[in-house]
Structures are given as C-alpha cells and as structure tokens.
Amino acid sequence: MKKTTNTPDHNIHPPHVAPPMSASPEPSITELQKRCEQLAQQNTELTAKLKWYEEQFRLQQHRRFGASSERSEPEQDQLQLFNEAETEALAVLAEPTLETITYQRRKATGQREVRLDHLPVETIEYRLTEEAQVCSCCGGALHEMSKEERNELQIVPAQVKVVKHVRYVYACRRCEREAIQTPIVTAPMPKPVLKGSLVSPSMMAYVMNQKYTDSIPLYRQEQQFLRLGVELSRQNLANWMLYGAHRWLSLLYGRMKQILVAQPILHADETTVQVLHEPNRAAETTSYLWLYRTGREGPPIILYDYEYFGVKEPLYRKNRATFTGK
1 MKKTTNTPDH NIHPPHVAPP MSASPEPSIT ELQKRCEQLA QQNTELTAKL
51 KWYEEQFRLQ QHRRFGASSE RSEPEQDQLQ LFNEAETEAL AVLAEPTLET
101 ITYQRRKATG QREVRLDHLP VETIEYRLTE EAQVCSCCGG ALHEMSKEER
151 NELQIVPAQV KVVKHVRYVY ACRRCEREAI QTPIVTAPMP KPVLKGSLVS
201 PSMMAYVMNQ KYTDSIPLYR QEQQFLRLGV ELSRQNLANW MLYGAHRWLS
251 LLYGRMKQIL VAQPILHADE TTVQVLHEPN RAAETTSYLW LYRTGREGPP
301 IILYDYEYFG VKEPLYRKNR ATFTGK
C-alpha cells in the first residue's frame with residue numbers, strides 16, 4: 001500500500017486570515033507631534049463640554065426636583081449666574097481675520113464684526129520712510145503691493161471735566177447815554193439740575209448707573225473720583241441720587257406702575273426688613289419690601305415697593321381699581 005505524506009504549503013493561507021499587506025511608511029515625528037497636539041486640544045474641548053453639560057443637568061435636576069414654591073419656568077439664560085466665565089468660554093467664536101492671496105480679501109463677516117460696526121474707528125497707518133523704500137537686492141524703488149490689517153478694542157478711561165456756563169447780559173448804550181430806563185436782556189441758559197450744586201445731568205446719571213447697574217457702592221465711587229482728581233464725599237453722591245430719584249425718576253416710576261397693574265399676570269414676592277432712623281417708628285418695627293414684575297408676555301417691568309407703615313398689603317391690592325389680573 002502506497003503511503004502518502006502531506007507537505008504543508010506555505011503559500012496557502014486559511015480563509016479567515018488576511019494575507020500580509022505591504023508595510024506602509026511610518027509617519028514622521030513632526031506628524032505624530034501634530035496629531036498629539038490635535039488630540040490634546042480635542043480632549044480639552046470635550047472635557048469642557050462634558051463639565052458644562054453636567055452642570056446643566058445638575059441645575060435642571062435641582063430646578064425640577066428641588067424645593068421651590070410659587071415658581072414659574074425660568075429663562076434659560078438665568079440658569080448660570082455665577083459660572084459666567086466658564087459658561088461663556090465654551091462658546092466657540094472665531095476671531096475675525098484677514099486673508100491675503102495676491103489681493104486683499106476679507107473673510108466671511110462674523111457676529112463680532114457686526115457688533116463693532118457702530119463703534120468709532122481710529123486708523124493708524126505704518127509706512128516705510130522714503131529712505132527705506134529701496135530694494136535690498138537691486139537697489140530699485142519699492143512700491144506698495146498690499147497691506148495687512150488688524151483690529152483691537154481700546155478703552156478710553158473715564159474723564160471728569162468742568163463745564164463753565166457763562167451767561168451774558170445785554171443793555172442799550174444809547175438809552176444809557178440819554179438816561180432812559182435801560183432794558184436789560186439776559187441770554188437764556190439751561191437751569192441747573194440742583195441749584196447751588198456742581199452736579200450735572202450726566203454726573204447724576206453716572207453715579208446712579210454705577211450704583212445700581214454696576215453694583216459699585218458709593219464709598220468705592222468716592223475713591224474712583226479721588227483718583228480722577230475730584231474730591232467728592234459719599235454724602236454728596238447719596239444726596240444727588242436721592243434728589244434725582246424723587247425729582248425725576250418718581251415720574252417714571254409712577255408711569256411704570258400704571259402699566260404694571262394693567263397687566264393680566266403679575267409675579268410678586270415680599271421680604272421683611274427693618275429700617276433704622278425712620279421718623280415716628282421704632283428701629284425693630286417690621287416693614288415689607290415687595291418685588292413685582294410682569295409676566296413673560298408683557299412689557300419687561302420690575303418694580304420695588306416699600307411698605308414703611310408695616311402694612312402687609314401688596315401693590316396690586318392697593319390698586320384694585322386698575323388691576324384686573326391675577
């Protein structure tokens with residue numbers, strides 16, 4: 001009986017094993033470093049986004065299941081009040097740049113450039129002197145081929161200046177010579193905001209805006225003015241605010257209250273306070289400070305109402321004749 005021997009064929013591969021492929025060239029060290037930098041940047045961005053989404057989820061869970069009363073759906077932009085820098089850092093907004101390809105071409109206008117259109121622009125040009133406009137190779141004259149531009153924001157520091165109002169008085173010389181009763185004519189001049197005071201309308205508005213919009217207390221404003229070379233006490237600043245509020249803003253407050261109580265829906269909240277040095281009231285007497293605001297569909301109005309008589313009665317009940325909402 002003939003005996004056969006099976007010799008393995010090295011050229012035959014199992015069907016499940018892929019044949020060896022030709023070796024591809026290994027990437028260079030520069031390419032690997034560039035790839036590592038891209039992956040590191042991508043990992044940083046993904047980590048920041050993950051933290052942001054975790055914070056959003058935590059806030060949504062707290063808003064949904066946390067203890068609350070008399071609440072309405074808050075606006076989305078009100079969820080982040082303290083982590084403003086971290087939140088805004090996630091927004092990817094490309095800086096406006098210039099691309100030069102044999103001619104000057106502007107890239108697509110972004111949102112930031114649109115917001116800068118209303119600002120004044122100061123242009124500073126940098127040119128070579130006539131002596132420097134010489135070719136270093138052949139000694140010929142150089143010509144302007146193109147130009148490069150970049151934009152930057154510059155802050156003009158606050159300035160305080162004195163505006164001197166001079167009003168002239170006129171008389172008739174002929175009547176003076178003939179001893180006739182001379183008519184006196186005075187040029188018109190705007191009345192001061194506060195008689196006998198240095199405060200101007202812009203100064204009063206600036207102090208109020210610093211105090212209530214930018215949350216800068218009066219003692220810090222006093223220090224700011226001192227650094228600007230103006231010595232103003234915080235008592236002066238307080239008197240200006242009180243006078244402006246009673247003389248001018250009270251009219252605006254009254255009109256806003258009329259519109260407020262005419263809305264079908266109002267949001268209200270009250271808190272107890274104790275105010276010192278009020279006439280005919282003990283310091284421990286409880287007062288109420290009410291906060292009112294219109295609903296989402298109404299005009300955006302927010303008002304405070306102080307009950308210094310200790311009567312816990314909201315604004316809409318004191319205006320039953322005009323308020324018909326809920």
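Counted from 1, the sequence shown has number 301 at position 301 by the UniProt record's numbering; the numbering is strictly sequential.
By construction, the Cβ of each residue, glycine as well, lies at the ideal position given by its N, Cα and C atoms.
Note that the structure is predicted; figures quoted are calculated from it, not measured.
query: Three-state class that DSSP yields for His-143 in the structure shown; result: coil
query: DSSP three-state assignment for Leu-291, whether helix, strand or coil; result: strand
query: Within 8 Å, strictly: CB atoms of Val-169 and Thr-186; result: yes
query: 8 Å Cβ cutoff met for Thr-294 and Leu-252; result: no
query: Environment of Glu-307 [buried if 16+ CB atoms lie within 10 Å]; result: buried
query: Which listed residue (Pro-190, Glu-297, Glu-231 and Glu-144) has its alpha carbon closest to that of Val-163; result: Pro-190
query: Candidates Ile-184, Val-166, Arg-167 and His-165, of which the one nearest Arg-173 by Cα; result: Ile-184
query: Opening and closing residue of the alpha helix (DSSP H) in which Ala-262 lies; result: Neither: Ala-262 is in no alpha helix (DSSP H) and is coded neither H nor E.
query: Cutoff 8 Å: Asp-305 Cβ touching any chain B Cβ; result: Included in the structure is just one protein chain, with no chain B present.
query: Per-residue burial, Leu-90 [other beta carbons within 10 Å of its own, 16 or more giving buried]; result: With a pLDDT of only 47 at Leu-90, under the threshold of 50, the placement of this residue in the model should not be trusted, and no figure is reported.
query: Contacting residues, own chain, Cβ-Cβ under 6 Å from Val-160 (five flanking each side not counted); result: Leu-228 and Val-230
query: Buried versus exposed, by CB contacts within 10 Å (16 or more), Phe-225; result: buried
query: Identity of the residue in Ala-132, Asp-214, Glu-149 and Ser-250 nearest His-143 by Cα; result: Ala-132
query: Extent of the continuous beta strand (DSSP E) to which Ile-302 belongs; result: 302 to 307
query: Rounded straight-line distance, which links the Cα of Glu-54 to that of Thr-87; result: Any reading at Thr-87 must be qualified, since the residue scores a pLDDT of 45, below 50, and its modelled position is unreliable; the value itself is stated next. Each residue's alpha carbon lies about 12 Å from the other.
query: Ile-301 and Leu-249 closer than 8 Å at C-beta; result: no
query: Cα-Cα separation, Ala-268 to Val-275; result: 21 Å
query: Residue range of the beta strand (DSSP E) that includes Leu-242; result: Unbroken run through Leu-242 is the alpha helix (DSSP H), 234 to 244; no beta strand (DSSP E).
query: Alpha helix (DSSP H) segment containing Val-207, residue limits; result: 201 to 212
query: Among Gln-154, Thr-286 and Thr-129, the one whose alpha carbon lies nearest that of Glu-122; result: Gln-154
query: Backbone CA spacing between Pro-120 and Gln-38 [nearest angstrom]; result: 39 Å
query: Limits of the alpha helix (DSSP H) - the one that Leu-30 falls within; result: Note that residue 30 is Thr in the sequence shown here, rather than Leu. Segment 29 to 65, the alpha helix (DSSP H) holding Thr-30.
query: In DSSP terms, what Ala-268 is bridged to; result: Tyr-292
query: Gln-235, buried or exposed, once every other Cβ within 10 Å from all chains shown has been counted against 16; result: exposed
query: For Tyr-170, three-class secondary structure by DSSP; result: strand
query: C-beta atoms of residue 328 and Val-207 nearer than 8 Å; result: Summary: the structure shown does not reach residue 328, with the chain confined to residues 1 through 326, and so no result is reported for it.
query: Burial state of Met-145 (16 or more Cβ within 10 Å); result: exposed
query: One or two residues paired with Val-134 in a DSSP bridge; result: Ala-141
query: Range covered by the alpha helix (DSSP H) that runs through Gln-223; result: 218 to 227
query: Bridge-paired residues (DSSP) for Val-273; result: Ser-287
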